[in-house]
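Numbering (the working numbering), first residue to last: 1 to 137.
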């Protein structure tokens, strides 16, 4: 079975291979997140390096340090090489920062990117308890 992946691009080229995956889940599914995605066919979101470095990571850094909602370990900074796990409350804080960016952004393609990102997240947070953001860098 394959995973359902939605990609949103603004400046990223089609041939980019470095990305961040955004994977919402319930706390109970966290330890088996890849099985959960394959079994449930729940969609996760992929943002490629050019876009996440320019449009997302600067905003993610603003909410750190955060507490990993499962292990309760303090995460001091965003890690684009591994996983970052946000509680729903921390993720909502990120989304508020992005809403402000989208509302004030005059560059249409960036505004469209932020709005698509926000829309996807709002749908996911209807049911999700945590957001795992995992990089492959």
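The beta carbon of each residue, even a glycine, is placed where N, CA and C say it ideally should be. All of these numbers come straight from a predicted model, not from anything done at the bench.
> For residue 18, which three-state DSSP category applies?
Replying inline: Numbered from its first residue, the chain shown carries residue 18 at position 18. Residue state, collapsed to three classes: coil.
> Using the C-alpha atoms, what's the distance from residue 59 back to residue 98?
Replying inline: What you label residue 98 is simply residue 98 of the chain shown in a count that begins at 1. What you label residue 59 is simply residue 59 of the chain shown in a count that begins at 1. For residue 98 and residue 59, the gap between their C-alpha atoms comes out near 7 angstroms.
> Between the C-alpha atoms of residue 64 and residue 77, what's the straight-line distance to the nearest angstrom?
Replying inline: On the chain shown, residue 64 is found 64 positions in, with the first residue counted as 1. On the chain shown, residue 77 is found 77 positions in, with the first residue counted as 1. If you take the alpha carbons of residue 64 and residue 77, they lie about 6 angstroms apart.
>> Measuring straight from C-alpha to C-alpha, what distance separates residue 88 and residue 106?
In response: Along the chain shown, read from residue 1 onward, the residue named residue 88 stands at position 88. Along the chain shown, read from residue 1 onward, the residue named residue 106 stands at position 106. Spanning the two alpha carbons is a distance of roughly 29 angstroms.
> At a Cβ threshold of 7 angstroms, is residue 33 touching chain C?
Replying inline: Of the chains in the structure shown, none is chain C; there is only one protein chain.
>> I'd like to confirm the pairing. Which residues does DSSP put opposite residue 44 in its beta bridges?
In response: Within the chain shown, the letter at position 44 stands for residue 44. Bridge partners of residue 44: 5.
> In three-state DSSP terms, what is residue 38?
Replying inline: On the chain shown, position 38 is the one that residue 38 refers to. Three-state DSSP puts residue 38 in a helix.
> Since residue 85 is in the beta strand (DSSP E), which residue starts that stretch and which ends it?
Replying inline: Position 85 of the chain shown holds residue 85. It spans 83 to 87 - the beta strand (DSSP E) in which residue 85 sits, taken as one unbroken run.
> Out of curiosity, what's the CA-to-CA distance linking residue 46 and residue 37?
Replying inline: The count along the chain shown starts at 1 and reaches residue 46 at position 46. The count along the chain shown starts at 1 and reaches residue 37 at position 37. Looking at the two C-alpha atoms, the distance is approximately 14 angstroms.
> Where do the ends of the alpha helix (DSSP H) carrying residue 115 lie?
Replying inline: Residue 115 sits at position 115 when you count from the first residue of the chain shown. Annotation for residue 115: the continuous alpha helix (DSSP H) segment containing it runs 108 to 124.
> Which two residues bound the contiguous alpha helix (DSSP H) that contains residue 133?
Replying inline: By one-based count along the chain shown, residue 133 stands at place 133. Looking at the DSSP string, residue 133 is not in any alpha helix (DSSP H); the run it does join, the beta strand (DSSP E), is 130 to 135.
> Taking just the CA atoms, how far does residue 94 sit from residue 26?
Replying inline: Mapped onto the chain shown, residue 26 falls at position 26. Mapped onto the chain shown, residue 94 falls at position 94. Residue 26 and residue 94 have their C-alpha atoms some 18 angstroms from each other.
> Taking the alpha-carbon positions, what's the residue 40 to residue 96 distance?
Replying inline: Your numbering for residue 40 matches position 40 in the chain shown. Your numbering for residue 96 matches position 96 in the chain shown. It is roughly 28 angstroms from the alpha-carbon of residue 40 to the alpha-carbon of residue 96.
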